[in-house]
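J.: Sharing a structure with you now.
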Amino acid sequence: MAKVTFLPANKSVEVPNGSTISQAAVAAGIAIESTCGGRGTCGKCKVQILSDAERSAGWVLACQYRVHEDLTVTLSESKDAYKRKTRLEQLNSIVLSPCIHKYLLQLSKPSVKDQIPDWERLVEALPDPNVCFNMQIARNLPKILRQSDFQVTAVLDGHTILAVEPGDTRSRCFGAAIDIGTTTMVVYLLDLNNGQVIDIGAVTNPQRVFGADVISRISYAAQGAEPLRQLQDRVIDGLNGIIAHLCQAQAIDSKEIYHAVVVGNTTMSHLFLGIDPTYLAPAPFIPVFRKAVEVEARELGLNILDTAPVVVLPNIAGYVGADTVGVMLSAKIDLLPGFTLALDIGTNGEMILAGQGRILTCSTAAGPAFEGAEIKHGMRAADGAIEGINITDDVQYVVIGDTKPHGICGSGLIDAIAEIAASGVINAAGRLAIRAKDCEKLPPLLQKRLRQTEQGGEFVIAWAQETETGEDIVLTQKDIRELQLAKGAISAGVEILMTEMGIQKEQLDRVLLAGAFGNYIKKESALRIGLLPPLPIEKISAIGNAAGDGAKMALLSTEERERASVLADRAEHLELSARMDFQEQFIKALSFPR
0 MAKVTFLPAN
10 KSVEVPNGST
20 ISQAAVAAGI
30 AIESTCGGRG
40 TCGKCKVQIL
50 SDAERSAGWV
60 LACQYRVHED
70 LTVTLSESKD
80 AYKRKTRLEQ
90 LNSIVLSPCI
100 HKYLLQLSKP
110 SVKDQIPDWE
120 RLVEALPDPN
130 VCFNMQIARN
140 LPKILRQSDF
150 QVTAVLDGHT
160 ILAVEPGDTR
170 SRCFGAAIDI
180 GTTTMVVYLL
190 DLNNGQVIDI
200 GAVTNPQRVF
210 GADVISRISY
220 AAQGAEPLRQ
230 LQDRVIDGLN
240 GIIAHLCQAQ
250 AIDSKEIYHA
260 VVVGNTTMSH
270 LFLGIDPTYL
280 APAPFIPVFR
290 KAVEVEAREL
300 GLNILDTAPV
310 VVLPNIAGYV
320 GADTVGVMLS
330 AKIDLLPGFT
340 LALDIGTNGE
350 MILAGQGRIL
360 TCSTAAGPAF
370 EGAEIKHGMR
380 AADGAIEGIN
390 ITDDVQYVVI
400 GDTKPHGICG
410 SGLIDAIAEI
420 AASGVINAAG
430 RLAIRAKDCE
440 KLPPLLQKRL
450 RQTEQGGEFV
460 IAWAQETETG
470 EDIVLTQKDI
480 RELQLAKGAI
490 SAGVEILMTE
500 MGIQKEQLDR
510 VLLAGAFGNY
520 IKKESALRIG
530 LLPPLPIEKI
540 SAIGNAAGDG
550 AKMALLSTEE
560 RERASVLADR
570 AEHLELSARM
580 DFQEQFIKAL
590 SFPR
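Written out as structure tokens, the structure reads:
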């Protein structure tokens with residue numbers, strides 16, 4: 000056995016000799032960035048090690064370095080810009096009708112002449128006497144009734160009694176809307192009495208250590224019951240951490256959270272519930288469930304009221320999940336006039352086209368590049384990420400957190416490609432102007448940024464002396480190809496939806512961009528690279544974290560929750576891999592508009 004100590008967390012764990020540092024991190028509950036699922040190809044899991052044998056062994060890949068002696072491992076800290084997602088609130092007005100109701104009851108006291116049992120005494124005082132017996136509540140009922148002088152508040156979800164509380168607690172009634180993204184998890188704490196969002200918390204999805212994309216996590220879960228349990232535990236522990244923080248900040252007991260509504264893509268929904276997602280990966284991409292699922296919080300280990308109903312909104316297909324249903328619900332996409340295209344581009348790319356009484360959906364494997372995965376210096380939207388770029392005679396960039404750059408995030412990548420395409424650094428096919436005859440027309444400072452390496456051509460975005468890492472931040476030819484593949488898949492998906500609907504792009508009345516990525520990319524850059532249909536920019540608008548807003552709406556209104564199921568049932572899913580025309584459209588969409 001070897002002892003591995005992680006800094007700056009100062010956590011230690013003993014692991015068998017031959018374990019990787021990544022495996023030790025999982026055992027210690029430490030998150031190490033990994034986008035390739037431990038294959039050693041992304042280079043994102045670099046850590047610095049110090050051993051007895053090697054006083055300074057330097058930087059290694061955590062997924063590849065095997066432990067054979069006691070080690071101290073130092074992680075580079077990365078502060079995520081969570082507010083990029085949590086500040087995106089655009090909740091539409093709804094009629095407040097939560098499923099949770101509180102009733103103040105003043106019960107008569109038992110006597111020799113009144114020997115009605117405690118449970119029956121309670122039930123008879125409720126507006127609805129058809130309440131089922133609850134053994135957990137009945138256990139403590141005698142003490143609660145007598146300690147409160149028989150004045151109690153009953154908490155009900157329809158015919159189900161969730162809790163009996165001493166005194167009048169009607170003013171304290173809370174719920175949680177949960178958005179489990181592949182990259183970021185967000186919890187919204189709401190007051191069910193008035194529908195207001197009290198507080199918001201977020202963390203990077205702790206499953207990320209098993210890979211940035213859903214396929215990596217499905218592959219890990221497919222290894223057996225223990226890996227599946229680890230994936231579920233990571234999500235539940237992360238959510239419990241957020242909930243604990245929110246409750247402490249707002250002086251709320253977690254047991255005062257009586258209801259939770261959850262959205263996420265189909266894989267995230269399965270992993271949240273601890274359900275095997277193995278057969279989502281291969282064709283025909285079959286999920287275990289599609290309809291909305293309701294379980295008690297205690298079944299999941301979610302630290303809210305034990306008996307609280309936790310509702311996972313319905314999925315549509317293997318790769319179009321409850322988060323897309325949340326977008327449809329929040330945008331009221333079925334009620335908008337004309338034709339509406341909605342895009343939620345994150346780690347996965349989902350598309351919705353609504354009009355003429357139809358709702359069409361599809362998804363593409365486009366997200367990892369937009370999230371910085373598979374990009375040499377790609378990273379999440381965190382402090383130190385280049386998020387905006389402008390090119391004139393040279394390169395100017397904007398960095399999240401106003402610090403030295405550490406890498407480039409998705410919105411910066413879109414900007415960079417749009418700018419180098421417009422400036423002639425790449426041609427319409429995406430090829431860097433490395434050859435002398437191609438680059439001689441460029442300004443001298445841009446020419447200096449173009450170079451050929453053993454791995455291929457690259458363009459320097461930030462010089463080493465400007466960066467946090469002390470190395471050049473570059474866009475490689477491979478990075479450009481990755482972006483082309485991602486934007487080509489999105490663009491082709493949109494074309495297929497319009498073909499199926501029988502319309503041309505000019506007939507689109509609006510394009511809605513959901514999520515943090517859609518909110519922070521420059522519309523002009525997205526249009527310039529062909530990610531979006533060529534439309535007047537005023538037809539394109541960001542709608543914030545619409546998936547999370549949909550979860551909030553379903554939490555606050557039983558009618559909206561029912562509407563979510565109706566929308567999911569109405570949706571017509573197009574499986575792009577089964578369409579002969581997708582590949583043709585995809586090839587067309589790879590080039591950059593001129």
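Position 81 (the sequence shown) corresponds to 80 in numbering that gives the first Met the number 0; numbering is contiguous.
Cβ coordinates follow ideal geometry from the N, Cα and C atoms, glycine included.
Everything numeric in this text was worked out from a predicted model, so none of it was measured.
Contact between the segment 132-144 and the segment 272-283 is defined here as three or more beta-carbon pairs at a separation below 8 angstroms; is this criterion met?
T.: Touching, no, given that fewer than three Cβ pairs across the two stretches are closer than 8 angstroms.
J.: Quick check: Glu499 and Leu573, are their CB atoms within less than 8 angstroms of each other?
T.: Indexing the sequence shown from 1 puts residue 499 at position 500. Indexing the sequence shown from 1 puts residue 573 at position 574. Result yes, Cβ atoms of Glu499 and Leu573 sit closer than 8 angstroms.
J.: Between which residues of its own chain and Phe458 is the CB-CB distance below 7 angstroms, once the five residues before and five after are set aside?
T.: Numbered from its first residue, the sequence shown carries residue 458 at position 459. So the qualifying residues of the chain are Ile419, Val424, Leu431, Arg448, Leu449, Val473, Leu474.
J.: Figure out for me which residue from Lys290, Val262, Leu342 has the closest Cα to the Cα of Gly180.
T.: Residue numbering aside, residue 180 sits at position 181 when the sequence shown is read from its first letter. With distances taken between Cα atoms, Gly180 lies closest to Val262.
J.: Please name the residue in Asp275, Val14, Ile29 whose C-alpha comes closest to that of Phe5.
T.: Reading the sequence shown from its first residue, position 6 is the one you call residue 5. Out of Asp275, Val14, Ile29, Ile29 has the C-alpha closest to the C-alpha of Phe5.
J.: Excluding the 5 residues preceding and the 5 following Asn129 in the sequence, name in chain order all residues of the same chain whose CB lies nearer than 6 angstroms to its CB.
T.: Position 130 of the sequence shown, counted from the first residue, corresponds to residue 129. These residues qualify, in order along the chain: His158.
J.: Could you give the C-beta distance for Tyr187 and Gly547, rounded to a whole number, given that I count them as a contact under 8 angstroms?
T.: Translated into positions along the sequence shown, residue 187 becomes position 188. Translated into positions along the sequence shown, residue 547 becomes position 548. That pair is a contact at about 6 angstroms.
J.: Give a yes or no on whether the C-beta atoms belonging to Ile315 and Thr323 are separated by under 8 angstroms.
T.: Here residue 315 corresponds to residue number 316 of the sequence shown, with the count starting at 1. Here residue 323 corresponds to residue number 324 of the sequence shown, with the count starting at 1. Cβ atoms of Ile315 and Thr323: closer than 8 angstroms.
J.: With DSSP as the reference, label Ile217 as helix, strand or coil.
T.: On the sequence shown, residue 217 is found 218 positions in, with the first residue counted as 1. Here Ile217 sits in helix by DSSP.
J.: Quick one: measure Cβ to Cβ for Val287 and His269, integer angstroms, because I've assumed they're closer than 8 angstroms.
T.: If you number the sequence shown from 1, residue 287 lands on position 288. If you number the sequence shown from 1, residue 269 lands on position 270. Contact flag correct, Cβ pair sits at about 6 angstroms.
J.: Alpha carbon to alpha carbon, what distance is there between Arg527 and Glu537?
T.: Mapped onto the sequence shown, residue 537 falls at position 538. Mapped onto the sequence shown, residue 527 falls at position 528. Approximately 15 angstroms, taken between the alpha carbons.
J.: Can you tell me whether Leu531 is helix, strand or coil according to DSSP?
T.: Residue numbering aside, residue 531 sits at position 532 when the sequence shown is read from its first letter. Coil.
J.: Can you give the Cα-Cα distance for Lys403 and Ser410, rounded to whole angstroms?
T.: Numbered from its first residue, the sequence shown carries residue 403 at position 404. Numbered from its first residue, the sequence shown carries residue 410 at position 411. So the two alpha carbons sit approximately 17 angstroms from each other.
J.: Return yes when the C-beta of Thr19 is under 7 angstroms from any heavy atom of the ligand GDP, and no when it is not.
T.: The model depicted lacks the ligand GDP and carries no ligand whatsoever.
J.: Just to confirm, are Gly337 and Asp508 a CB contact at a threshold of 8 angstroms?
T.: Working through the sequence shown from its first residue, we reach residue 337 at position 338. Working through the sequence shown from its first residue, we reach residue 508 at position 509. Yes.
J.: Here's a check: name, in chain order, each residue in its chain whose Cβ is nearer than 7 angstroms to the Cβ of Thr391, leaving out the five neighbours to either side.
T.: In the sequence shown, counting from the first residue as 1, residue 391 sits at position 392. Nothing meets the Cβ criterion.
J.: Classify Ile586: buried if its beta carbon has 16 or more other beta carbons within 10 angstroms, exposed otherwise.
T.: Start at 1 with the first residue of the sequence shown, and residue 586 comes out as number 587. With fewer than 16 other Cβ atoms within 10 Å, it is exposed.
J.: Tell me the rounded alpha-carbon separation between Gly200 and Ile256.
T.: For this step, residue 200 is matched to residue 201 along the sequence shown. For this step, residue 256 is matched to residue 257 along the sequence shown. Going by the C-alpha atoms only, they are around 15 angstroms apart.
J.: Within 10 angstroms of its Cβ, does Glu293 collect 16 or more other Cβ (buried), or is it exposed?
T.: Indexing the sequence shown from 1 puts residue 293 at position 294. Label assigned to Glu293: exposed.
J.: Would Leu238 pass as a contact of Leu144 if the rule is Cβ separation under 8 angstroms?
T.: Here residue 238 is taken as the residue at index 239 of the sequence shown, counted from 1. Here residue 144 is taken as the residue at index 145 of the sequence shown, counted from 1. No, these two residues do not count as a Cβ contact at 8 angstroms.
J.: To the nearest angstrom, how far is it from the Cα of Gln627 to the Cα of Arg578?
T.: Summary: the structure shown does not reach residue 627, with the chain confined to residues 0 through 593, and so no result is reported for it.
J.: DSSP beta-bridge partners for Thr73?
T.: Stepping through the sequence shown from its first residue, residue 73 is reached at position 74. Answer by DSSP bridge pairing, in chain order: Leu6, Gln47.
J.: What residue range is occupied by the uninterrupted beta strand (DSSP E) comprising Ile460?
T.: In the sequence shown, residue 460 corresponds to position 461, counting from 1. Counting along the chain, the beta strand (DSSP E) containing Ile460 begins and ends at 455-461.
J.: Can you tell me which residues form a DSSP beta bridge with His269?
T.: On the sequence shown, position 270 is the one that residue 269 refers to. Paired residues: none, contrary to the question.
J.: Which of the three DSSP states is assigned to Pro427 in this structure?
T.: Within the sequence shown, numbered from 1, the residue matching residue 427 stands at position 428. For the sequence presented, residue 427 should be read as Ala rather than Pro. Coil, per DSSP.
J.: Looking at the strands, I want to know which residues DSSP matches up with Pro308.
T.: As a first step, residue 308 is located in the sequence shown; it is residue number 309 there, counting from the start. Per DSSP, Glu295.
J.: Run through the DSSP bridge pairs and tell me what Cys361 is partnered with.
T.: By 1-based counting over the sequence shown, the position of residue 361 is 362. Its beta-bridge partners are Met350.
J.: By DSSP's criteria, Glu164 is part of a beta bridge. Which residues make up the other side?
T.: The residue labelled residue 164 in the question sits at position 165 within the sequence shown. Per DSSP, Thr152.
J.: Assuming Ile460 and Ala417 form a contact by the criterion Cβ under 8 angstroms, report the distance between their Cβ atoms to the nearest whole angstrom.
T.: Counting from one through the sequence shown, the residue named residue 460 turns up at place 461. Counting from one through the sequence shown, the residue named residue 417 turns up at place 418. In fact, because the Cβ distance is near 13 angstroms, the residues do not count as touching under 8 angstroms.
J.: Closest to Ile502 by CA distance: which of Ala553, Leu359, Ala321 is it?
T.: Walking along the sequence shown from the start, residue 502 turns up at place 503. Among Ala553, Leu359, Ala321, the Cα nearest to that of Ile502 belongs to Leu359.
J.: Find out if the Cβ-Cβ distance for the pair Met350, Val234 is shorter than 8 angstroms.
T.: Against the sequence shown, residue 350 aligns to sequence position 351. Against the sequence shown, residue 234 aligns to sequence position 235. No; because the gap between Cβ atoms is not below 8 angstroms, this pair is not in contact.
J.: Quick test of your reading: Ile99 and Leu245, contact by CB under 8 angstroms. State the CB separation rounded to the nearest angstrom.
T.: Translated into the one-based positions of the sequence shown, residue 99 becomes position 100. Translated into the one-based positions of the sequence shown, residue 245 becomes position 246. No, Ile99 and Leu245 are not in contact; Cβ-Cβ is about 18 angstroms, not under 8 angstroms.
J.: What are the uninterrupted segments assigned as alpha helix (DSSP H) that are 4 or more residues long and contained completely in the segment 465-531, given in chain order?
T.: Taking only runs of at least 4 residues, the alpha helix (DSSP H) segments lying wholly in the segment 465-531 are 476-500, 514-519, 522-527.
J.: Do Thr182 and Arg379 have their CB atoms nearer than 8 angstroms?
T.: Sequence index remark: in the sequence shown, residue 182 carries index 183 (1-based). Sequence index remark: in the sequence shown, residue 379 carries index 380 (1-based). Yes; because the gap between Cβ atoms is below 8 angstroms, this pair is in contact.
J.: Which residues in the same chain as Leu279 place their Cβ atom closer than 8 angstroms to its Cβ, once the five residues preceding and following it in sequence are excluded?
T.: The residue you call residue 279 lines up with position 280 of the sequence shown. The residues are Val213, Ile217, Thr265, Thr266, His269, Ile285, Pro286, Gly317, Tyr318.
J.: Select from Val309, Cys361, Pro313 the residue whose C-alpha is nearest the C-alpha of Ala176.
T.: Working through the sequence shown from its first residue, we reach residue 176 at position 177. Selected option, being the one with the closest Cα: Val309.
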